[in-house]
Structure formats: C-alpha cells, structure tokens
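Participant:
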Amino acid sequence: MSTVLNWQLGRDMEYPYEAAYSDRQFAFVFNLNRCIGCQSCTMACKSTWTFSKGQEAMWWNNVETKPYGGYPHHWDVKILDLLNQANPGGQTWNGEPRPLKAPYGRFNGKTIYEVAKTHVSPEGAQRALGYLPADDDWAAPNRFEDNPAGAPPGRPGDYTRGDARLPEHRTWFFYLARLCNHCTYPACLAACPRNAIYKRPEDGIVLIDQSRCRGYRKCLEACPYKKTHYRGTTRITEKCIGCFPRVEGRDPKGRGLPMQTRCMAACIGHIRLQGLVQFNPDGTWKEDRYNPLYYLVHIAQVALPLYPQFGTEPNGYYIPPRWVPRPYLRQMFGPGVDVAIEKYLAPDRELLAVLQLFGKDARICFRYEIRPGPKVFETTLHGRKFELFNDTIIGYGADGTKIIETTVEEPLHIRPEAHANSI
Amino acid sequence: MPTPSDVRNPKSEVRRGEWAAHTDDTPKRSVFGNYRPDPEPAATESVAVPSPPTPADLQDRPDTTDTARARAFLYRFLARAYEDPTPAGWALLCASDTQEHLTAAWEIAGDRCAGSPPAGAPASHRPAEETAGGIESPDCAPIGNPRDGRPEVCAAFTPEAFDAFLDAYLAAFGHAARGPCPLNEIEYGDLKADPLFQPHRLADLAAFYRAFGLEVADDAGERHDHLCLELEFMCVLAAKEAWAREHQLDAEPLAVVRDAQKKFLREHLGRWTPAFTRRLERHAAGTPLAALARFTRAFILAECARLGVPPGSEDLLLRPADQAAALCESCGLAQALPGAAPPATP
C-alpha cells in the first residue's frame with residue numbers, strides 16, 4: 003500500500019500502487035436535472051460495442067431509476083452496507099472545504115481500500131472491499147424500478163390482499179445514468195491478480211487487456227460501481243472503453259479532433275458533457291479556468307463525484323437533482339450537495355452560459371469563451387433577484403477550432419403560415 | 305480484440321495532434337506500475353481472429369473433390385433419413401444403389417472417426433477392417449460391419465424394417481417440436497442462458513441459409529433449426545466445395561465454403577447433435593433408429609475432426625419448456641393464466 007492524495011475526500015488515502023497520473027483524464031459531467039431516462043445513451047453504447055453473443059446482459063452504460071433501481075441489482079446499497087458494517091457509524095465528513103485539495107471538506111470514514119486491510123471476506127483477503135454480484139443481479143437492468151411494494155414474505159408472485167398502504171415517503175425518483183468512471187485510483191485495476199487492467203497515460207481511460215484477462219472476476223468483485231462485466235462465451239471480462247478511438251480523434255466524423263463518446267453524443271436531453279482534464283503532480287486538477295469541466299467541478303462546484311466515499315476518485319460528476327431529499331443526495335454525492343443545488347437553483351451568468359455547451363457538438367470542448375450580451379429580463383428566483391443576460395458562449399476543440407457558438411436564449415423561429423404541410 | 309479503429313486507414317484524413325498521444329505503434333502502457341505489456345501477447349483462442357487461408361494452405365489439405373462429394377451425399381442421406389417416414393422414402397433409403405453409395409461415401413469421408421490422421425497427412429483410405437472393427441475410440445461406437453465394411457445403418461435399413469422404424473420414429477419425435485428427443489436445435493442448451501439465445505439462434509440460422517441464397521420452402525412446415533434443414537444446408541455447402549475443387553476456382557470461393565461449414569458445424573450442427581444422438585440412441589434402443597443415431601454421431605464427430613471443430617457436449621440438457629413463468633416470479637401473471645398451478649401456500 004502506498005499513500006495517495008484523494009482530493010475528493012480532502013485527505014491522503016491508501017492505494018495498492020504508487021501515485022501516478024495520466025497526462026489528461028477522461029471526465030464527464032451529467033446534469034441529472036435534465037435526464038428523462040430515455041435510454042438513448044444505453045442503446046448507443048449497446049449498438050456500438052456490446053451487440054454480440056455473450057453480451058446480452060452487458061450494459062456498459064445504463065440508466066437506472068433511483069432510489070429502487072440499480073444494475074446490477076442494489077449495487078450501491080450492498081457496498082454501502084458492507085462499508086457500514088466494517089466501520090459502523092464512522093462514514094462521516096467534516097472539516098472546512100478548501101479549493102482544489104478539499105472542496106467538500108474531509109472524509110473521516112474508511113474507503114474500500116482501507117477497509118480491505120483489516121477485513122477478510124468469506125472468499126478470502128481482498129485488495130478492495132467488495133462483493134461479487136449473483137448472476138441474477140445482472141439479468142434485468144431495470145428491475146424493481148416501478149415496483150411500489152414487494153410481494154408478501156414467502157409468497158412470490160402474490161400481492162398484498164386487504165388493506166395495503168404505500169410506503170410513507172414523499173414520492174420522488176430520478177434517473178441516474180452511469181458508465182465506467184475511469185477512476186483515478188481504479189479498484190478493478192488494484193484487484194486484478196493478473197495485472198491485466200491498465201490506465202492509459204494519455205487519457206486516463208481504464209482498459210482490460212483482453213489477451214491477459216483470464217476471467218477471475220476479481221475486478222467485478224472490487225469495482226464498487228460494478229462496471230466490469232464478465233462474458234460467459236469468452237470467459238473473460240470486458241468493460242467500457244471510453245470510446246477511446248473517438249477520444250483519440252480517430253473517428254473520421256471528428257476530422258481529427260477528439261470526439262465525445264457515443265453515449266454522450268447520443269443524449270437527446272443534452273445532459274452530458276465529456277472532456278479531458280489535467281492533473282498537477284500532487285493529484286489535484288491542474289488549473290484550466292476555461293475548461294468547462296474544470297469550471298463546473300472546481301469553480302462553480304455544481305458537479306459532484308458519484309459516491310466519493312468509496313475512495314476510487316471517480317471521474318464522473320453529477321449535477322444533483324434538486325427535488326430529491328438532501329440526506330439521500332449527501333450519501334450519494336457527498337457534502338457538496340447543498341452548495342451545488344444552491345448554485346444551480348439561481349445560476350450566475352457564467353454557469354448559465356456553460357450549461358449551454360451540453361450536447362451542442364459531439365467534439366470535445368477544451369476551452370470556452372463568453373461574449374457578454376444584453377440583459378433580457380429580471381425576476382425573482384427562489385427569493386433572490388435573478389437577471390438573465392443573453393450571452394454568447396463559444397467552445398473550442400483540441401486545436402483551437404471553434405466548434406460551438408450559441409446563446410443563452412434559444413433563438414425563436416416562427417414558422418411561416420404557409421409551410422410544407424399546411425392544410 | 306482489435307477494434308475497427310485499430311486498423312490504420314491510409315486514406316484517412318485524420319489529423320493527429322499532441323492530444324492524441326496513443327499511436328498505433330505505441331505499446332499499451334499504464335500510469336500504474338502494475339501493467340507491463342507482454343512482448344508478444346499470446347492470443348487466446350477466443351480473441352484470435354482467423355486469417356483467411358492461403359492457396360498453399362488449401363493445397364495441403366487432404367480433402368479432395370471426392371471427399372466433398374461423399375460428404376454431400378452423406379448429409380443428404382441423413383437429411384432424408386430424418387424426414388417424416390413414408391414408404392416411398394424408405395424404399396429409397398433401402399435401395400441397393402443408395403446403400404452402395406453410402407458404403408462408398410462412408411469409406412471416403414467417414415474415416416476420421418477412429419484415430420483420425422494428423423492434419424496435413426495424405427488422405428488415408430484405410431481398409432474397412434481397421435477403420436471400423438479394429439479401432440474403437442470411446443467417442444465413436446463401432447458403426448461398420450467388420451466383414452464387409454458396410455455401415456451398420458445399411459444392415460438396419462431393410463424393406464421389412466419400415467414399420468419398426470416408423471414406430472420408433474413416432475415414439476421418439478412425436479408430432480410436436482417437443483417430443484422426448486426433439487429434432488430442433490434450440491430445444492437443447494444450457495438451462496439458464498439458452499432461453500435468451502433462442503431468437504438469436506434462429507436468426508443466425510436464417511442468416512446462414514440466406515447468405516448462400518437459400519430459403520426454407522413454403523411447404524417445409526419446419527422451423528429453421530430442424531435437423532433436416534441443417535443437414536441439407538451442410539449438403540449444399542459440401543456440394544459447393546466439391547464444385548469449387550472440381551473446377552479449380554480461385555482460393556476465395558473454396559475458403560468461403562470451408563469457413564462456412566466450419567462455423568456452421570461449430571455453432572449449430574456440431575454443437576447439439578452429440579447430445580441429440582445420445583438421447584435418441586437411448587430412447588430408440590434396439591430399433592433401426594438407434595443405428596441411424598449411432599451413424600449420425602459417428603459422421604458428425606468425423607466432420608468435427610475434419611474441420612477442426614470441437615464437438616458439443618453429449619450432456620446438453622433440454623431447455624425447460626416453461627422457464628418464462630419462473631422468470632417473472634413477482635408479477636403474479638403466471639399463476640393467473642388459465643390452467644396454471646395455484647400459487648404455493650406457505
């Protein structure tokens with residue numbers, strides 16, 4: 003074990019390998035307030051990469067309905083439970099937030115690596131705390147999502163007769179789109195006994211060497227997000243490859259410029275923005291003020307990591323859904339939730355402009371510029387004065403090519419009275 | 305597995321900037337010390353992409369035009385034998401001409417079963433005694449008559465045996481897809497996984513047929529996975545191979561039909577026939593049908609050996625007929641259907 007800085011936890015933590023960082027890091031921000039659960043991303047991924055025999059139950063990208071959904075079933079509940087058993091009541095945060103090194107304060111609990119040092123699973127010692135999902139858990143990616151209540155104990159298939167009441171909670175749900183987080187400290191990589199998993203220095207994408215993997219499924223056990231998938235027909239494991247040919251700029255459609263992954267580009271709700279960020283030698287993000295991801299994560303602080311307490315430093319960030327009870331969100335995204343939602347409810351000029359970059363172009367935006375525009379109107383939003391400016395935001399690709407130019411106010415088109423399908 | 309983008313396209317106008325540090329020539333690298341790429345990673349069977357055979361490879365193969373023709377005949381014979389029995393069909397199977405051809409074809413094409421010759425060896429036409437009577441491998445029950453080299457099935461298929469054959473046929477296959485020994489491929493398979501694969505298998509079969517310009521006749525009345533259709537398809541491929549060899553076409557048509565036979569045998573016919581014949585042999589013991597089952601197994605195993613394909617397991621089970629009900633245990637609909645068993649009470 004060596005000591006590495008996990009800035010999401012605001013402290014050093016233990017990891018089986020020496021700290022090392024890629025030149026750039028694959029990262030993405032999802033605005034969960036906008037996701038409608040249409041599964042376009044899921045099918046874009048499936049039809050590109052996992053359409054073959056043996057991959058039927060393999061969804062590198064999935065959208066699950068929280069709080070009950072999960073693929074594999076109850077993945078997050080199970081790992082949270084294991085962590086809680088190992089460190090009862092100790093998974094807490096405190097401390098003052100500090101920019102870059104501890105934006106969410108300090109995590110006092112234990113990560114999956116730290117628990118694994120003293121915890122022995124029924125199968126033996128682990129490098130990262132985890133469990134192996136049962137086959138059935140993978141069978142149906144959207145099971146349990148619409149179930150208001152389970153069957154009576156011992157009578158599967160039956161329903162509750164007589165008086166029945168729904169659980170007493172305010173009804174809420176949201177869609178959580180997930181893919182491999184290409185973690186900075188991947189648990190799959192740490193757990194692989196054959197050293198078959200590698201993290202590419204050029205973009206931080208985590209890949210499984212298919213010629214070396216022997217399907218021991220230690221990565222399935224270790225990955226807290228359960229994003230590696232065993233393929234029965236080949237008896238080896240596969241995972242999201244971050245559409246690396248596109249990220250490398252080898253998709254002809256990008257004309258040489260790095261492109262966002264298929265799932266990002268296919269999103270009809272424009273909830274996704276993927277890009278590449280850079281690291282400082284100590285493992286914090288290198289300042290890149292006008293990179294939209296850097297802005298959303300570190301300046302605006304509206305985008306938060308998914309379950310940062312696991313300790314893998316995931317590179318998928320989420321703008322939390324504003325209607326969901328805060329304790330649930332704090333558990334899922336850490337203590338930065340309140341700041342993020344506050345900011346999102348009354349966005350400032352820059353945030354509003356950057357939010358327009360989502361889904362506008364399939365090429366990766368490396369830098370943006372904002373050209374101020376006129377004030378359009380002002381109002382009171384959540385008790386505060388809010389002014390809307392019709393600024394223009396311009397996004398640039400890897401080599402400085404302008405790839406996006408759009409305004410905060412959507413242009414209004416009035417269809418002429420006489421048009422193609424007039425009656 | 306190489307992705308399409310791993311293949312460098314010389315015509316591509318893609319510009320490569322400093323952001324695209326990963327070039328095709330760069331070995332795989334990891335930021336962590338865990339990963340050191342092998343100098344020459346050994347490709348496993350599952351990820352190896354078969355390279356197209358060169359003309360030299362094809363010349364080395366011991367198979368000849370005669371072998372291909374003999375194989376086509378054997379497939380055709382088997383396809384006829386598994387059809388619904390009719391007196392006319394039976395007369396054809398028992399005709400002395402048919403049986404002579406069968407014996408000759410078996411001598412040419414069926415010799416791989418007992419102690420198959422190493423690949424690249426010249427085609428061996430062993431004496432029948434050695435082939436059938438002398439050596440007996442556990443995978444291959446004796447199927448020839450030690451004295452005259454005729455397959456056992458010739459002795460079993462006599463004009464008088466029609467009634468016995470018909471009775472055994474009806475008892476074994478019944479009138480539906482799901483008798484004791486189903487004749488349809490997708491009834492066999494792994495209990496858990498295969499219900500998911502059934503549409504895939506049917507689609508795959510249809511695609512195989514269509515790729516070679518074949519369609520199931522309107523009056524066939526059978527699913528694409530019926531044994532007779534699969535045997536007939538292999539018969540066509542073997543005949544195409546014979547044609548390509550006889551007319552010394554380019555390497556490509558020959559490679560295509562060889563490859564198709566190999567794939568079809570691996571993914572379909574060779575996968576389930578061992579289990580089917582074993583089941584049939586047990587079920588129809590002592591009847592002409594059992595002889596047919598033994599002959600079929602011996603031939604398919606010989607074909608697997610010839611094309612370098614591992615035969616499927618003899619222990620494949622029949623898929624559960626009503627697995628769908630168990631899959632949706634929580635919805636209650638399965639119990640609500642007419643005639644369904646009432647839900648178990650605790």
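Top line first, the protein sequences correspond to chains A and B.
For reference, each letter of the first sequence is one residue, going 3 to 425 in this note's numbering.
For reference, each letter of the second sequence is one residue, going 305 to 650 in this note's numbering.
We treat Cβ as the ideally placed atom computed from N, Cα and C, and that holds for glycine.
1) Please state whether the Cβ-Cβ distance between Arg180(A) and Gly318(A) is less than 9 Å.
2) Specify, as a first and last residue, the run of the beta strand (DSSP E) that Ile81(A) falls within.
3) Rounded C-beta distance between Cys539(B) and Arg380(B)? I'm assuming under 8 Å.
4) Examine chain B for any beta-carbon lying closer than 9 Å to the beta-carbon of Gly91(A), and answer yes or no.
5) Would you mind telling me which residues of chain A sit closer than 8 Å to Gly337(B), beta carbon to beta carbon, in chain order?
6) Would the beta-carbon of Glu371(A) fall within 9 Å of that of Tyr292(A)?
7) May I ask you to verify whether the segment 570-579 of chain B touches the segment 603-611 of chain B, counting CB pairs closer than 8 Å and requiring at least 3?
8) Helix, strand or coil: how does DSSP classify Glu618(B) here?
9) Report the rounded CA-to-CA distance for Cys444(B) versus Val560(B), giving the unit in angstroms.
10) What are the complete alpha helix (DSSP H) segments, minimum 4 residues, inside the segment 238-326 of chain A?
11) Is it the case that the segment 539-551 of chain B contacts the segment 593-601 of chain B, given that we only count it when at least three CB pairs across the two stretches are under 8 Å?
12) Would you list the residues sitting across from Glu66(A) in a DSSP beta bridge?
13) By the three-class DSSP mapping on this structure, what secondary structure does Arg575(B) have?
14) What are the boundary residues of the alpha helix (DSSP H) that Ser42(A) is part of?
15) Using the Cα positions of Ala374(B) and Ala198(A), report the straight-line distance between them to the nearest angstrom.
16) Would you mind telling me which residues of chain A sit closer than 8 Å to Lys566(B), beta carbon to beta carbon, in chain order?
17) Within 10 Å of its beta-carbon, does Pro314(B) have 16 or more other beta-carbons around it, so buried, or fewer, so exposed?
18) Just the chain B side, please: which residues come within less than 8 Å of Asn197(A) by C-beta, in chain order?
19) Just checking, does the segment 118-133 of chain A make contact with the segment 71-89 of chain A on the three C-beta pairs under 8 Å criterion?
20) Any C-beta of chain B sitting closer than 9 Å to the C-beta of Ala127(A)?
21) Would you mind working out which of Arg365(A), Gly385(A) and Asn392(A) sits nearest Pro2(A), comparing C-alpha positions?
22) Considering only the beta carbon of each residue, do Val613(B) and Lys544(B) sit closer than 9 Å?
23) I'd like to know if the segment 234-248 of chain A and the segment 207-217 of chain A are in contact, where contact means that at least 3 CB-CB pairs between them fall below 8 Å.
24) Just curious, the beta strand (DSSP E) that Arg13(A) is in, first and last residue?
25) Name the residues in the segment 399-412 of chain B whose C-beta lies less than 7 Å from a C-beta of chain A; which are they?
26) Between which two residues does the alpha helix (DSSP H) holding Ser54(A) run?
27) For the alpha helix (DSSP H) containing Gly393(B), name the first residue and the last one.
28) Pick helix, strand or coil for Ala130(A), following the three-state DSSP scheme.
29) Going by the beta-carbon positions, is the gap between Arg26(A) and Gln280(A) smaller than 9 Å?
30) In its own chain, which residues sit with a C-beta less than 7 Å from the C-beta of Leu406(B), not counting the 5 before and 5 after it?
31) Would Arg202(A) pass as an interface residue toward chain B - the criterion being a Cβ-Cβ separation below 9 Å?
32) Report the rounded CA-to-CA distance for Glu412(A) versus Leu573(B), giving the unit in angstroms.
33) Which class does Gln552(B) belong to by DSSP, given the choice of helix, strand or coil?
34) Just to make sure I have the definition right: I need the residues of chain B whose C-beta is within less than 9 Å of the C-beta of Leu191(A). Which are they?
35) Would you identify the three-state DSSP class for Ala104(A), choosing helix, strand or coil?
36) Looking at chain B, is there any beta carbon in it that lies within less than 9 Å of the beta carbon of Cys194(A)?
Facilitator: Taking the definition as stated:
1) yes
2) No beta strand (DSSP E) holds Ile81(A); the alpha helix (DSSP H) holding it covers Trp77 to Ala88.
3) 5 Å
4) no
5) Tyr19, Glu20 and Ala22
6) yes
7) yes
8) coil
9) In this prediction, Cys444(B) scores a pLDDT of 42, lower than 50, which makes its location untrustworthy; the coordinate-derived value is nonetheless stated afterwards. Computed Cα separation, rounded: 29 Å.
10) 246-249 and 264-267
11) no
12) Leu178(A)
13) helix
14) Ser42 to Trp51
15) 48 Å
16) The premise fails here: Lys566(B) is roughly 17 Å from chain A at the closest Cβ pair, so nothing lies under 8 Å.
17) Any reading at Pro314(B) must be qualified, since the residue scores a pLDDT of 45, below 50, and its modelled position is unreliable; the value itself is stated next. Label assigned to Pro314(B): exposed.
18) Asn338, Tyr339 and Arg340
19) yes
20) no
21) Look at the range of chain A in this structure, 3 to 425, and you will see that residue 2(A) is not part of it.
22) no
23) yes
24) Arg13 to Tyr17
25) none
26) Neither: Ser54(A) is in no alpha helix (DSSP H) and is coded neither H nor E.
27) Pro391 to Cys398
28) coil
29) yes
30) Phe381, Pro455 and Cys458
31) yes
32) 60 Å
33) coil
34) Ser334, Phe336, Asn338 and Tyr339
35) strand
36) yes
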